[in-house]
Every structure is written in C-alpha cells, then in structure tokens.
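Step one of this worksheet: look at the structure below.
There are 2 protein chains.
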Amino acid sequence: MGDMDNIFNKRQSILIANVMVDGKPADIFVNDGGTLAAVGEGVRGQYKGEADLVIDGDEAIALPGLANTHTHAAMSLLRGYADDMILQDWLSQKIWPLEAHLTGSDVYWGTRLACLEMIRTGTTAFNDMYFMMDEAVRAVDESGIRAVLSYGFIDLFNAEKREAECKATEKLAFQIRSMNNPRIKAAAGPHAIYTVSPEGLTWCAEFAKEQKIAIHIHLSETEKEINDCIAQHGKRPAALLDDCGILTPNTIAAHCCWLDDAECALLGKRGVSVSHNPASNMKLATNRAMPVRQLMAAGANTCLGTDGCASNNNLDMFEEMKTAALLQKFFWNDPTVLPAPAALAMATSNGAKALGFGTGTLTVGAPADIVLISVSTACNIPLHNVTSNLVYSCSGSAVETTICDGRVLMLNREIPGEDEILTGAAQAARELVSRSQSA
Amino acid sequence: MGDMDNIFNKRQSILIANVMVDGKPADIFVNDGGTLAAVGEGVRGQYKGEADLVIDGDEAIALPGLANTHTHAAMSLLRGYADDMILQDWLSQKIWPLEAHLTGSDVYWGTRLACLEMIRTGTTAFNDMYFMMDEAVRAVDESGIRAVLSYGFIDLFNAEKREAECKATEKLAFQIRSMNNPRIKAAAGPHAIYTVSPEGLTWCAEFAKEQKIAIHIHLSETEKEINDCIAQHGKRPAALLDDCGILTPNTIAAHCCWLDDAECALLGKRGVSVSHNPASNMKLATNRAMPVRQLMAAGANTCLGTDGCASNNNLDMFEEMKTAALLQKFFWNDPTVLPAPAALAMATSNGAKALGFGTGTLTVGAPADIVLISVSTACNIPLHNVTSNLVYSCSGSAVETTICDGRVLMLNREIPGEDEILTGAAQAARELVSRSQSA
C-alpha cells in the first residue's frame, strides 16, 4: 500500500462511490467533520471534486457499523483457554485463576486484539465491562472505534470493598471525561445482583444519573439467579433492580434469559436496552433464551452482544445475528420469530441507540460509522435478499472496509499495524498462562 | 499469479512444509498418486528434492478436509430466496414453485457455486441429494472435490411414479460407475418415509446392496413425521426403515432430531451414520435436537451436515461445528455435551468414514484431502487450544489452502476460475426467478 497508510485513521472528506444502501444503488459523502453529508444516487457527481479520498465501493453493500452491546473485550486473551465445562467449574477452576494474573498490559493487548477483530468484522462500537480499565481506554483510543467502558463493580456485599469499587468507578468516569473523546464514554458497571449489594446498586444508579452516563449490568442469565433472588429478597431480579433505580433508558441489561412477562413489561416501561447474547447462552447452557418477542412488544430496546471471548469464542456480530435468529426460532418453536430484518436492526440501529452513538442508520447527519460488505463472494451470490444474506449467509469475513467516526480503519481488508497487534496479544497471552502456571 | 495456474487441479507430488498436525510442528509429503506418503517433523529435509510443488505452510494448522454429510448443493441458487416462514408455507409457497422452474443448467451452476463455497471453507467431500443429477455430476467432476451423489427418490406412494424414480436412481448409478472417477460415488436417495412408499424404500435398499452403494435419507426431522408414522404403521420411523432394509453401515440418515432411545440403539446396532444438521433444525424450528450423546453411546457414526442453502443459508462446516456444539449444550442443558474435539471428529474422521472417502485423518496412507488454516488471524490468536479455536472461534474464512485427492484446489485463498463461477451462478439465479415470476 505504501503511502496509502496516510489515508488511515484521520478525519478527511470521503466519497464512497457505487455502493448499495437499503437495497438501492447509492454513493455516500462523508464530510471532514465525520458526518454523513449526502447519501443517494448521483452523489458522486456532486461531491467528487470535494473529496480528499474516493473509495470505489464496487457495488458493495453499505451498512452502518455494527454495535456489540455486551462484551468483556480483554477476555480475547482467554480465547480457547477453557471450554465445555460446567459454569461454576469453568469460572472457579480456569477463568478466575488465570484472571488473577492479568496485568494492565494484558488488558491493553486483549482490548487491542478485540478492537482489531471487531474492525475486521464490521463492528464500530461496543459496550465493555472489565477491570484495569485505564488500559482498555488507551487501547480503544488507539484503535479508532467507539466504546462505552465500565469498570466491573463487584462489592460482594462488603462495605469496605464497596468503597473501593465506588472509587474505581469514579476514577474511570473522570478519566474518560477528561479525555473529551466523543468516541469513548464511561458507564457505571454494577456486575449483577448476586455480586453487588443493593447499596452498591443504588450508588451506581445515583452516580450514573448524576454523571449522565449509562449503566451496564448482567441480568437474569441463569435460573439460579432468579431462585436465589426470590429466596433472599422475595421478588424477582428486575423488581430488585428497579427498587435500586437501575432500570433507566440509559441502562443496558445483558443476557435477560429468564425474564418473565412482568419483568419484560417493566423493562419496556423503563425504556431499558436489553442485550441478547445467544452464543454465550448456548455455550454455557442457560436453558432459556431471551424472550425477544415479548421484550419488543413491551417496548424494550432489543440489542445484540457477543459476550466475552471466553464464552463465545469470537466477536463476530454477523455470526451473532445468525445465532440469535436461529436460537429464537428454535427455542420459541416458531420459525417466524426474529426474522432477518429484526436481527439486523438489533445489531445496528438498536445497538447504536443503546450506546448513545447516533442512529445506527446511513442517513444524512448520522455519524460516519460505515462498513462495506463484498458482493463478489459466495455468501452474497445470489443476492435475492440483501438482509437475508447479511444475517444468515455471511460472516464478518465478508466485510472489506470499516469507517468509524469519519476515519478509515480498514480498507479493502487492510488494517495498518495489524501484525503488531496480533504479535503483542499472542505474546501477552503466552506470558499470562506461563505466570499462572509458575504461581 | 501468472503461470501459478499450472499448479492447480492436477496430480503432482507436494511438500507442505512448516505446518501443525495434531498440535505438533510437522511437514506433509503427498505423492503424485494423491496419497499422504509422510507426515511429521523432518519430512521437509527428506522429501524436498522429490516434490513437484513446495507449499510454505507458515505454521498453519493442517486438518483433513471437512466432510459435509447432508446437503442439497444446487439449492445454493435459492440462498436467501425465502426465510423466516412456517415450514409448510415456506415449501409450498416459495421453494417448490421456484424449484419447478429449475433447469439442468441451474443445477450445474448451483452445484458449482456450492463446490466453490465448500473449497473456500475447507470442505473436500459432501453428500448430496437433488434432481437432474447428471448436471451435478458434471459440476463436481469439474470442481475437483469429492461427493456422494443421490437422486432424491420421491414416489408419493404411487406405483407409476415409483417406476420412474427407480429408473432415475439406476441411471445415475450407472452414469457414475461408467465415469470411473474415484472422487464421485452414487448413492440411493429415498427422500423420507413420508414421501416414499415402503415398496420404494425396499427397492432402494436392495438396489444399494446389489450395487454396493450408499443410502442417503432424511429421518425424523419433525415431530409430525413421528406421529404420522405411528398412526399409519404402528411403529416409529427407524423401525419402519429397518423393516425395509434401509438401516445399514452404508446408510446416512440426516436430521434424526426426534429419535427415541430405542431408535438410537437400533441405529447404533446397524452401524448407521447420522448427520446432524443443527443450523437447519434451528432455522426451521424442529423443536428437538439430535440426541448426539445417546447416538454416540449406541455406536452410531455421528457426523455433521449443513443441509441446503435454503435452510442454513451457507455451507460453512466450521460454522456448523460451532452451531452443533452450542445447540447440543443448550438443548440438553449441559455445557459438557459435544466438546470441541467431538465436534471436530464429526466434521472430519466420522464424516469421511460415512462417505467412504478414507479415514479423515492426516496419517500416512490416507488420501491427500488437506486444508490449511491460517494462524495469523484474530480467530487463532491466542492459540491456547487449536481444536477450541477451530470449533468455536474460526469460520471457514480462516482456510487458506485446500487440497483434495492430491490436487491443489485453493492456494493462499486463490481459486482459479472463481469469478466465472460466481457470475454464472448469479445469472442462473436471476433468470430462474425471472422465469418463475413470468410463469
């Protein structure tokens, strides 16, 4: 590519000529403020002289960048470290002991690797929860994509630990605010009702409200969580969260497998975003699928997420769209549940709305988060139905070009610096395992 | 690539240097008879001078070519034509009316497209059932991969129609025998118990036995099939098939969602191969997953298949391995069911055995059906566990090189003639829809 490197990762005006938008031939003009200034037929004629960069779309399908609304990005370093185990054994014997040896540098490399994989597979924004988040912030900043970052707040019902978790949550929020980078937002990250006290949950809700930031939480992933909650609190998890002020239009609740109808109604009423994580739920055998149809009917904002790489084991949102559509049909025993257009909306417009990054549509005035998907590849031949192919036939490998916030991050499958990231992450993972084995 | 085209699609001796076999560094030497002559460390030193072609594996993971044990290859032309519908509506309103307009040329282009997609995603052998199979034979012959091809025998309980189906089955078997191409085998293809009379089933069983060919059938995909069978015959489907002589060690039964324990035991006792088709079963909402664990315990040969593109909608066996492992865990509510090594065995050694194409292993004397999977890609970083990454993290897009029967079909992602196949298939699909709409 040579001096083509100059075109990456910077703001410039971009004309994307000869693509398909919403099934119709179109061109897209992105201004140097990172905004879609024009979309439609004939745009290339009008804006050709004005563009710093012209990309020949070659009839590619243009989509808004996908939004991954629940992950633990740095866990990409644990990809394949342990699988096929009972949840509790998997966590206590494998995942937690390895995580005990994680350093800030590991979190940096794991998050870089995750961002790289997301750029390659067309995701331009994600919702993260982990620890040593200052290093995740650095990785996201350098990667060029968008993220909502939360520190995983776990007080284990202990007042002293709670104090420390509040401080860590505040520190991350203030660090991110001071950066003033519109691609990076903080969230409060109360982990779950079984790891955070009601006092901790309430503190998170109040802090998020005061700081005008989002809340990211795990909700009703397993049946045990429900049964324990009823035994301990005399109510189901969503009601407990509502008592603590957690359910808001800025809240993203991940998993939500075991919600009953009243909980779906409550989440809808509060305008909560729910993140469906079908691959993780299947792999860890949650025994129930998110009631997507009921949540949609109740008015909740239904989104998609991959969960972390330890329980998926990749970050490909195209794969996740398909898995979601298949799992919903299978579990609810109805092939009409979650048709392709609804799965695509979960991964695009609904996800962008949940994360507060624009509309997740390719419309004038939207942020320039754009991915181009090849039509010269078997997964898009024939092209009877673009949306069907995107959801059921293609994987993220069909993505050729990724633009985020008006910056080109991948062009014709080239990502500058990819080898260094792969090498750095592989080395970090090797050393992590080696430290854990010699401990 | 220029004169590199000379290396494709012909028998030659090949040294594949610097790969990983079963987790260990190794080289592979393929003799010009299409057989693995040497595998292990140091092979490159020993065979370098003898090889017509040297491939630098660059530490890639070498795997036996994957075997797709149930598909309808030509249905790739229907990819995305109709989704998200109730099975009966989907078939009667969309699929069958379009299939009514299929020509031999369509079957050729659909099968070429399917073979191309399989080569690209690491599949070197498949088990097909469709019609106008002389055109499928031609497509497979030209594509360079292996297939067991069956005419879909459907007599609809009508003696006259049965006569025609017997003739079509005989014609295909004799055509394939006369070609004397070891990559292509015939099978008898009685469609299912609800489309073929007991007389037709019995004829297929006898013909297969007499001709020493395989049997390919759909079995117990839906609950309705079971209920109707019991109502009509007073027994479950496997018992009915056994009465007709269909259950043999050369039989591949697809789907098998609704088998009970006695049927699993019977299939195991008869040495039947069962093809699990998880994506199709989820998409069409069969409401039960194949009892893989029971079938393994009973001694059945458990394999994997994608089903046709109308109900999947791709032919990526890597995706199918993951979907199988996830569905098994989820449906049987146990994350230890179908661990990664078992899923990989279903797609490789078990599949090769089912199709009668060698052992599906990279061992001396095995047929040279080899795929190389890149380790310089995010899905294989880190590489804590090769098998886990292959099953849970990678899609078929990680495959770089595909060799079948000692012939290079894809090298570093290049497949000669790919554009012509994509163009031909796209045009055939467009014209098919246009014929059906003007009818």
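So the sequence lines, in the order shown, correspond to chains P and H.
Position one of the first sequence corresponds to residue 1122 (my numbering), numbered consecutively onward.
Position one of the second sequence corresponds to residue 1122 (my numbering), numbered consecutively onward.
A virtual CB, placed ideally from N, CA and C, is assigned to each residue, including glycine.
How about the stretch 1417-1432 of chain P and the stretch 1382-1402 of chain P: do they share at least three Cβ pairs that are nearer than 8 Å?
yes
Identify, in the order they occur along the chain, each residue of the same chain with its Cβ nearer than 6 Å to the Cβ of P/Ser1401, setting aside the five sequence neighbours on each side.
Asp1428, Ser1432 and Asn1433
Could you give the residue range of the alpha helix (DSSP H) that holds H/Ile1542?
Glu1539 to Ser1559
Nearest-angstrom Cα distance between P/Arg1302 and H/Ala1445?
The question names Arg, yet the displayed sequence has Asn at residue 1302 of chain P. If you take the alpha carbons of P/Asn1302 and H/Ala1445, they lie about 42 Å apart.
Quick one: which residues of the stretch 1225-1240 of chain H get their C-beta closer than 7 Å to a C-beta of chain P? List them in chain order.
Taking a C-beta cut-off of 7 Å against chain P, the contacting residues of the stretch 1225-1240 of chain H are Leu1234, Leu1237 and Glu1238, listed in chain order.
Provide the residue span of the alpha helix (DSSP H) that contains H/Ala1374, from first to last.
No alpha helix (DSSP H) contains H/Ala1374, which is instead part of the beta strand (DSSP E) from Thr1372 to His1376.
Integer-rounded CB distance, given that H/Ser1394 should sit under 8 Å from H/Ile1367
Contact flag wrong, Cβ pair sits at about 13 Å.
Beta carbon of P/Ile1240, beta carbon of P/Ala1489: below 9 Å?
no
Going along chain H in order, which residues have a C-beta closer than 9 Å to the C-beta of P/Asn1408?
Phe1451 and Asn1454
Go through its chain and collect everything with a Cβ distance to P/Ala1487's Cβ below 6 Å, but skip five positions before and after it.
In the same chain as P/Ala1487, and ignoring 5 residues on each side of it, the C-beta atoms closer than 6 Å to its own belong to Leu1157, Gly1479 and Thr1480, in chain order.
Given H/Gly1389 as reference, the closest of H/Met1438, H/Asp1363 and H/His1222 once Cα atoms are compared:
H/Asp1363
Can you give me the C-alpha to C-alpha distance between H/Gly1123 and H/Asn1533, rounded to a whole angstrom?
Low local confidence applies: a pLDDT of 43 at H/Gly1123 is under 50, so the model's placement there is unreliable, with the coordinate-based value given in what follows. When rounded, the distance between both Cα atoms is 14 Å.
Among the candidates H/Gly1231, H/Ala1294 and H/Gly1166, whose CA atom is the shortest distance from the CA of H/Leu1553?
That would be H/Gly1231, whose Cα lies nearest to the Cα of H/Leu1553.
Measure how close the beta-carbons of P/Ala1257 and P/Tyr1251 come, nearest whole angstrom, since I'm counting them as under 8 Å.
Beta-carbon to beta-carbon, P/Ala1257 and P/Tyr1251 are separated by about 6 Å, close enough to satisfy the 8 Å threshold.
Checking the sheet assignment: what are the DSSP bridge partners for H/Tyr1251?
H/Tyr1272
3 or more residues per run - each beta strand (DSSP E) lying fully within the stretch 1314-1401 of chain H:
1335-1340, 1372-1376 and 1394-1397
On a Cα-Cα basis, can you pick out the residue from P/Gly1273, P/Ser1197, P/Ala1280 and P/Arg1414 that is closest to H/Cys1576?
The displayed coordinates of chain H run from 1122 to 1560. Any statement about residue 1576 of chain H would go beyond what the structure contains.
Taking the Cβ atom as the reference point for each residue, do H/Phe1274 and H/Cys1287 lie within a distance shorter than 9 Å?
yes
I'd like the span of the alpha helix (DSSP H) that includes P/Phe1439, first residue to last.
Met1438 to Phe1452
Residues of chain P with a CB under 8 Å from the CB of H/Thr1457: which are they?
Chain P residues near H/Thr1457: Asp1205, Met1206 and Ile1207.
Check the Cβ-Cβ distances between P/Met1122 and every residue of chain H, and say whether any is below 9 Å.
Low local confidence applies: a pLDDT of 39 at P/Met1122 is under 50, so the model's placement there is unreliable, and no value is given.
If I measure Cβ to Cβ from H/Thr1323 and keep anything under 7 Å in the same chain, skipping five residues before and after, which residues do I get?
Cys1365 and Gly1366
Less than 9 Å separating the beta-carbons of H/Arg1528 and H/Gly1265?
yes
Quick one: list the residues of chain H neighbouring P/Val1554, beta-carbon separation under 8 Å, in chain order.
His1505
Under the DSSP definition of a beta bridge, which residues are partnered with P/Phe1259?
In the sequence as presented, Phe is not what sits at residue 1259 of chain P; that position holds Arg. As DSSP reads the structure, P/Arg1259 sits in no beta bridge.
CA-to-CA distance, H/Arg1267 to H/Lys1306, given in whole angstroms:
8 Å
Would you verify that the beta carbon of P/Tyr1202 is, or is not, closer than 9 Å to some beta carbon of chain H?
True, the Cβ-Cβ gap to chain H drops below 9 Å.
I want to see whether chain P comes within less than 9 Å of H/Ser1470, judged by CB atoms only; does it?
no
Helix, strand or coil: which one does DSSP assign to P/Lys1145?
strand
Which residues mark the beginning and the end of the alpha helix (DSSP H) in which P/Leu1476 is found?
Its alpha helix (DSSP H) spans residues Ser1470 to Leu1476.
Can you check the stretch 1485-1527 of chain H for any beta strand (DSSP E) of at least 3 residues that lies completely inside it and give the ranges in chain order?
1491-1494 and 1520-1525
For H/Leu1187 and H/Thr1245, believed in contact at Cβ under 8 Å, the rounded distance
7 Å
For P/Gly1163 versus P/Asp1148, is the C-beta spacing smaller than 9 Å?
yes
Name, going along the chain, the residues of the stretch 1508-1519 of chain P whose beta-carbon falls closer than 7 Å to a beta-carbon of chain H.
Ser1509, Asn1510, Tyr1513, Ser1514, Ser1516 and Ser1518
Quick one: grab the DSSP three-state call for P/Ile1137.
Correct three-state label for P/Ile1137: strand.
Please look up how many angstroms separate the CB atoms of H/Leu1340 and H/Pro1358, rounded, as I've assumed it's under 8 Å.
The Cβ separation is near 6 Å, so the contact holds.
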